[in-house]
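Take a look at the structure set out below.
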Amino acid sequence: MMMVEHQNTVRFLGYCSHTEQQALEMWGKYILAEERERLLCFDYISKGSLEDYVTDELRGLEWHTRFQIIKGICEGLHHLHKEKGIIHMDLKPPNILLDNDLVPKITDFGISRPGEISATMSKERLFSIGYCAPEYQFNGKMSFKSDVYSLGVIIREMVTGTRNEPNITIVRGVIILPLYIPKKIHNCTPLVLLRDYSLTFSQGHRKKI
1 MMMVEHQNTV
11 RFLGYCSHTE
21 QQALEMWGKY
31 ILAEERERLL
41 CFDYISKGSL
51 EDYVTDELRG
61 LEWHTRFQII
71 KGICEGLHHL
81 HKEKGIIHMD
91 LKPPNILLDN
101 DLVPKITDFG
111 ISRPGEISAT
121 MSKERLFSIG
131 YCAPEYQFNG
141 KMSFKSDVYS
151 LGVIIREMVT
161 GTRNEPNITI
171 VRGVIILPLY
181 IPKKIHNCTP
191 LVLLRDYSLT
201 FSQGHRKKI
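According to UniProt numbering, the stretch in the sequence shown is residues 1 to 209, in order.
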């Protein structure tokens with residue numbers, strides 16, 4: 001976490017550790033037990049999570065503001081993938097915080113994995129239904145593309161102003177977007193929602209967004 005430092009990721013400041021000893025009675029005898037408390041310290045982000053803004057009206061956010069939020073998420077994810085080699089594994093609106101200027105900050109790296117295990121199979125799978133890539137949800141296959149799938153779902157929600165159904169994973173189908181959405185978003189969004197993980201979300205598409 002100390003390695004991750006980008007304007008679109010939450011900064012890890014350090015940790016606190018406190019140990020307290022207590023005398024406890026057990027089976028008629030007193031024993032000295034230790035109670036440990038450990039806390040991780042991050043920057044305070046004041047506006048809450050993106051989840052609070054993904055509604056029918058997006059709390060009145062203009063399209064330009066939505067676009068900037070999407071762009072920031074893409075840049076933060078690009079930093080994790082290309083610069084740090086980290087697969088986030090749980091990218092979703094609750095794990096994207098917004099500061100006073102509505103700049104998005106990716107957070108919660110609790111189940112993140114280093115990129116060198118990309119395209120490997122995981123026996124124990126933790127995921128958020130609706131945002132998890134099908135190849136990981138059903139087969140345990142993880143890669144950077146797993147995050148890109150989650151990104152596609154988030155973009156869809158930001159563009160349409162509607163939440164993804166929690167019990168439905170988008171695989172492939174027709175996505176109807178409002179007419180005021182730029183054509184380049186129409187072209188990019190369906191691509192990242194394909195189940196076939198052999199299809200690559202190219203650097204060119206990422207730059208267009």
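For each residue, glycine too, the CB sits at the ideal point set by N, CA and C.
**Asked** When you compare only the Cα positions, how much space is there between K141 and P114?
**Response** Roughly 14 angstroms separates the two Cα atoms.
Using the beta-carbon count (16 or more within 10 Å), is T107 buried or exposed?
With 16 or more Cβ atoms within 10 Å of its Cβ, T107 is classed as buried.
Task: CB contact below 8 angstroms: K84 versus chain B - done: In the structure shown, chain B does not exist; there is a single protein chain.
Exposed or buried, E33, counting other C-beta atoms within 10 Å across all chains shown (16 or more means buried)? The sequence as given places Ala at residue 33; Glu does not occur at that position. A33 should be labelled exposed.
Could you tell me whether the region 38-53 touches the region 130-149, where touching means 3 or more Cβ pairs closer than 8 angstroms?
Pairwise C-beta distances place the region 38-53 out of contact with the region 130-149, as fewer than three of them are shorter than 8 angstroms.
Between which two residues does the alpha helix (DSSP H) harbouring F138 extend?
-> P134 to N139 is the span of the alpha helix (DSSP H), which, as asked, contains F138.
- prompt: Using 8 angstroms as the threshold, is the region 24-33 in touch with the region 74-88, meaning 3 or more CB pairs across them?
  reply: No, because fewer than three Cβ pairs between the region 24-33 and the region 74-88 fall closer than 8 angstroms, the two stretches do not touch.
_Nearest neighbour of Y131, chosen from L97, L77 and I154 [CA to CA]_ = With distances taken between Cα atoms, Y131 lies closest to I154.
(Q) How far does the beta strand (DSSP E) with Y30 in it extend, from its first residue to its last? (A) Where Y30 is concerned, the enclosing beta strand (DSSP E) stretches over K29 to F42.
- [ ] Tell me, please, whether the region 4-20 touches the region 36-46 by the rule of three or more beta-carbon pairs shorter than 8 angstroms.
- [x] Judged by Cβ distances under 8 angstroms, the region 4-20 makes contact with the region 36-46, as three or more pairs qualify.
Three-state secondary structure (DSSP) of L80
Reduced to three states, the DSSP call for L80 is helix.
Exercise for the section: Take I45 as the anchor and find which of L102, M158 and R66 has the nearest alpha-carbon. Expected result: Looking only at L102, M158 and R66, the smallest Cα-Cα distance to I45 is reached by L102.
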